[in-house]
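Chains as they are written, first to last, in this note's numbering: chain A, 1 to 145; chain B, 1001 to 1533.
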């Protein structure tokens, strides 16, 4: 990943997945991913269909100015949203610029959207350090730099 | 006789048989003259000792010289009418071709002032300096060498030659002691090496003999021919008649050859496995020796040069690649196809041919089987490991987690598995930038789904090998503290090489392992082609 950011949020609607008394038929997160996909489309991004990644959650790619961006919605406790700009090369920093712009626009949209609450943003370092875990209050209600 | 000729004279080229005959006759005459000269020399020495005359003959060759001079003098005296056997004859000046020039009388007249400090002995086959002296004392050996002029020229004792044997050693010089010690050490080392070499040769001869008697290849120890007890035990005459009849029957040879080929198949499969192990061991040994062994380094460099040369020539002449492929196909056809080579002239020849082809087929089947079934083998091993750790995992999870989470995590895992290459991976833009095809991305070669694993085992493995996996939901629970996270459960992530290797699905591991096995087997075969069979 060229860049990544993490959001922890709580939706005010149900997204419990489906269970057949034996195993998951559908993991939680598809509805949340669908709503986020709509928000991004409303912001002008070209969005592809949401796809299941099993216990990891639901994911989809979207594009801005030809740059691929990516989102995954996982149901861990509340919902964990992972945002990234896939790839290894960004010689002129274009991907990072597009990604940063998307984060700013999405943060504004989520803050204004009544369907989501308790929104906390984390960096990858915070995630890797386990600072997003239960009881942690280190997350910010706006995207970190 | 005109005079004693040196025994070791330069030999000229022989133009014809007459020259050789002439040379042989001359050599024989020289040997006869040498014996006569030595006997005469001894006689002259004894006479001088008895009469008290002092002669200088410190080396055995000098004794021969004395004798030769005595004979020559007698001949000369006889020819000139002078008295034979005089002292003058023994002390005559050496002729120009004399190999030893020290046989000069010191005191032609007068008494012998001191008794001689040495005697003479003629060496017999198997004699050594120590045997002649009766001791291995360095001082004695040093004096012997000095007395016989052998210090620098070597210490070899020639049977039939006379040697001066020192009688006293009280005046041995330090140099002689040092020379004696050095020679003793050198000879002992040489003898030890010679004995070891002889023992190794004997062992190798015994092994070859043993292999020969058991009908195996004397160099490799492999059974190259099926045994034919009936031929060994049947009476000679009927067997020859039967063999002739069978040798002439193409139908019989085809039928028996087919059975031999079948037997060769089984042998070839086993041989493939053995060669794989031998290739792995040999390769490991070579790699281990590489930093320290100049010969291994030279071999590696030579191999590198050969590979480099091959690619260089093929890059310059791509048309040769077609020839290479054609040659390879041709050789494989000869190796594997019984119809590609003519039927053996005799029954035993046909059996041998078909058995060899069968063995080649078996080995090729082993290589293909390694590729196909390597994944199954790896998966079996993986499943065994999962089952082995299951009881301990269950005990640990139940002891450390609340029942709802423990029950959920200890249920059998039935999900999609962990992807080695992530499903979100896109093709490069030049290839369209789309998703990787599902036949690959969701195939067993890209997905690890541990056979028989619980959710705990599968997800813990998934967490370790996938940095994008943080945790998951628990059935029927939502909200804070409801799901599970790997971090919270104390799971650990592998480092990059660990993620690449441990994250590799067993089917791929088996394929890579199988390919490696086939490569090792082929590598062994290629190497062995240069060895005696």
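Think of the CB as a built atom: it goes at the ideal place given N, C-alpha and C, for glycine as much as any other residue. Since the model is a prediction, treat every value here as computed from it, not as a measurement.
Around the C-beta of residue 1419 of chain B, are 16 or more other C-beta atoms found within 10 angstroms, so that it is buried, or is it exposed?
Walking along the second chain from the start, residue 1419 of chain B turns up at place 419. Burial is judged here by how many other beta carbons sit within 10 angstroms of a residue's own beta carbon; residue 1419 of chain B has at least 16 and is buried.
Is there a Cβ of chain B sitting closer than 8 Å to that of residue 44 of chain A, yes or no?
Here residue 44 of chain A corresponds to residue number 44 of the first chain, with the count starting at 1. Not closer than 8 Å to any Cβ of chain B, the Cβ of residue 44 of chain A fails to qualify, so no.
What are the boundary residues of the beta strand (DSSP E) that includes residue 72 of chain A?
Locating residue 72 of chain A in the first chain gives position 72, where the first residue counts as 1. Element bounds for residue 72 of chain A: 67-76.
What number of angstroms, rounded off, separates the C-alpha of residue 68 of chain A from the C-alpha of residue 1302 of chain B?
Here residue 68 of chain A refers to the residue found at position 68 when the first chain is read from its first residue. Here residue 1302 of chain B refers to the residue found at position 302 when the second chain is read from its first residue. Residue 68 of chain A and residue 1302 of chain B have their C-alpha atoms spaced approximately 49 Å apart.
Tell me, which residues are paired with residue 122 of chain A by DSSP?
Within the first chain, residue 122 of chain A is the residue found at index 122, counting from 1. Partner(s): A/6.
Examine chain B for any beta-carbon lying closer than 8 Å to the beta-carbon of residue 69 of chain A, and answer yes or no.
Walking along the first chain from the start, residue 69 of chain A turns up at place 69. By this cut-off, residue 69 of chain A is not an interface position.
Applying a beta-carbon distance threshold of less than 7 Å, which residues of chain B neighbour residue 80 of chain A?
Counted from its first residue, the first chain places residue 80 of chain A at position 80. Going along chain B in sequence order, the residues near residue 80 of chain A (Cβ under 7 Å) are 1470.
Mind checking who residue 159 of chain A pairs with in its DSSP beta bridge?
The structure shown does not extend to residue 159 of chain A, since chain A is modelled only from 1 through 145, so no value can be given for it.
What are the residues of the segment 1423-1434 of chain B that lie near chain A, defined by any Cβ-Cβ distance shorter than 7 Å?
1423, 1424, 1426
Along chain A, which residues have their Cβ under 7 Å away from the Cβ of residue 1414 of chain B?
On the second chain, residue 1414 of chain B is found 414 positions in, with the first residue counted as 1. Going along chain A in sequence order, the residues near residue 1414 of chain B (Cβ under 7 Å) are 23.
Let me know if residue 1350 of chain B comes out buried or exposed under the rule of 16 or more other beta-carbons within 10 Å of its beta-carbon.
Position 350 of the second chain, counted from the first residue, corresponds to residue 1350 of chain B. With 16 or more Cβ atoms within 10 Å of its Cβ, residue 1350 of chain B is classed as buried.
Count the other CB atoms within 10 Å of the CB of residue 81 of chain A; is the residue buried (16 or more) or exposed (fewer)?
Here residue 81 of chain A refers to the residue found at position 81 of the first chain. Residue 81 of chain A should be labelled buried.
Does the distance from the C-beta atom of residue 1468 of chain B to that of residue 1354 of chain B stay below 8 Å?
Here residue 1468 of chain B refers to the residue found at position 468 of the second chain. Here residue 1354 of chain B refers to the residue found at position 354 of the second chain. Result no, Cβ atoms of residue 1468 of chain B and residue 1354 of chain B do not sit closer than 8 Å.
On the DSSP letters alone, give me the boundaries of the alpha helix (DSSP H) that residue 53 of chain A sits inside.
Within the first chain, numbered from 1, the residue matching residue 53 of chain A stands at position 53. Note, residue 53 of chain A: premise wrong, no alpha helix (DSSP H); not H, not E.
Per DSSP, what are the beta-bridge partners of residue 60 of chain A in this structure?
Translated into positions along the first chain, residue 60 of chain A becomes position 60. Bridge partners of residue 60 of chain A: A/71.
What number of angstroms, rounded off, separates the C-alpha of residue 73 of chain A from the C-alpha of residue 1315 of chain B?
In the first chain, the residue the question calls residue 73 of chain A occupies position 73. In the second chain, the residue the question calls residue 1315 of chain B occupies position 315. Going from the Cα of residue 73 of chain A to the Cα of residue 1315 of chain B covers about 51 Å.
With a cut-off of 8 Å, does the C-beta of residue 151 of chain A fall near any C-beta of chain B?
This structure gives no information on residue 151 of chain A, because the portion of chain A shown stretches from 1 to 145.
Just checking: is the beta-carbon of residue 1497 of chain B within a distance shorter than 8 Å of some beta-carbon in chain A?
Counted from its first residue, the second chain places residue 1497 of chain B at position 497. Not an interface residue.
Buried or exposed: which applies to residue 1145 of chain B, given that a residue is buried once 16 or more other Cβ atoms fall within 10 Å of its Cβ?
Taking the first residue of the second chain as 1, we reach residue 1145 of chain B at position 145. It is buried - the Cβ of residue 1145 of chain B has at least 16 other Cβ atoms within 10 Å.
If you measure from the beta carbon of residue 37 of chain A to each beta carbon in chain C, is any gap under 8 Å?
As a matter of chain content, chain C is missing from the structure shown, whose protein chains are A and B.
So what does residue 1120 of chain B bridge to, in DSSP terms?
Looking up residue 1120 of chain B in the second chain gives position 120. Answer by DSSP bridge pairing, in chain order: B/1164.
Tell me the DSSP secondary structure of residue 46 of chain A in three-state form.
In the first chain, the residue the question calls residue 46 of chain A occupies position 46. Three-state DSSP puts residue 46 of chain A in a strand.
Do residue 105 of chain A and residue 43 of chain A come within 8 Å of each other at the CB atom, strictly closer than that value?
Start at 1 with the first residue of the first chain, and residue 43 of chain A comes out as number 43. Start at 1 with the first residue of the first chain, and residue 105 of chain A comes out as number 105. For residue 43 of chain A and residue 105 of chain A, yes; Cβs fall inside 8 Å.
Excluding sequence positions up to five away, which residues of its chain have a Cβ less than 6 Å from the Cβ of residue 16 of chain A?
Numbered from its first residue, the first chain carries residue 16 of chain A at position 16. So the qualifying residues of the chain are 28.
For residue 1249 of chain B and residue 1362 of chain B, I'd like the C-alpha separation in whole angstroms.
Against the second chain, residue 1249 of chain B aligns to sequence position 249. Against the second chain, residue 1362 of chain B aligns to sequence position 362. Going by the C-alpha atoms only, they are around 27 Å apart.
Once the 5 residues before and after residue 50 of chain A are set aside, which same chain residues still bring their CB inside 8 Å of it?
For this step, residue 50 of chain A is matched to residue 50 along the first chain. Counting only Cβ-Cβ distances below 8 Å, and skipping sequence neighbours, we find 30, 33, 34, 37, 58, 59, 60.
Using DSSP bridges, identify the partner residues of residue 1484 of chain B.
Translated into the one-based positions of the second chain, residue 1484 of chain B becomes position 484. In DSSP, residue 1484 of chain B forms a bridge with B/1472.
How about residue 1132 of chain B and residue 1139 of chain B: do their beta carbons lie closer than 8 Å?
Start at 1 with the first residue of the second chain, and residue 1132 of chain B comes out as number 132. Start at 1 with the first residue of the second chain, and residue 1139 of chain B comes out as number 139. Not closer than 8 Å, so no.
Does the beta carbon of residue 1353 of chain B come closer than 8 Å to any beta carbon on chain A?
Along the second chain, one-based indexing puts residue 1353 of chain B at 353. Not one chain A Cβ lies under 8 Å of residue 1353 of chain B.
Would you say residue 1457 of chain B faces chain A, with C-beta separation under 8 Å as the test?
Stepping through the second chain from its first residue, residue 1457 of chain B is reached at position 457. Chain A contact via Cβ: absent.
Enumerate in chain order the residues of its own chain whose CB-to-CB distance from residue 1293 of chain B is below 6 Å, with the five nearest sequence positions on each side excluded.
Looking up residue 1293 of chain B in the second chain gives position 293. Non-local C-beta neighbours of residue 1293 of chain B in its own chain, meaning closer than 6 Å and more than five positions away in sequence, are absent.
Spell out the partners DSSP gives residue 26 of chain A in its beta bridges.
As a position in the first chain, residue 26 of chain A is number 26, starting the count at 1. DSSP, once it has assigned bridges, lists A/18 as partnering residue 26 of chain A.
In chain B, what lies closer than 7 Å to residue 59 of chain A by C-beta?
For the purposes of this step, residue 59 of chain A is identified with residue 59 of the first chain, where counting begins at 1. Here the neighbours are 1424.
Using a cut-off of 7 Å between C-beta atoms, extract the partners of residue 1475 of chain B located in chain A.
In the second chain, counting from the first residue as 1, residue 1475 of chain B sits at position 475. Within 7 Å Cβ-Cβ: 19.
For residue 1174 of chain B, is the classification buried or exposed, using 16 other Cβ atoms within 10 angstroms of its Cβ as the cut-off for buried?
Here residue 1174 of chain B refers to the residue found at position 174 when the second chain is read from its first residue. Residue 1174 of chain B comes out exposed.
Would you mind telling me which residues of chain B sit closer than 7 Å to residue 53 of chain A, beta carbon to beta carbon, in chain order?
Against the first chain, residue 53 of chain A aligns to sequence position 53. The answer, in chain order, is 1423.
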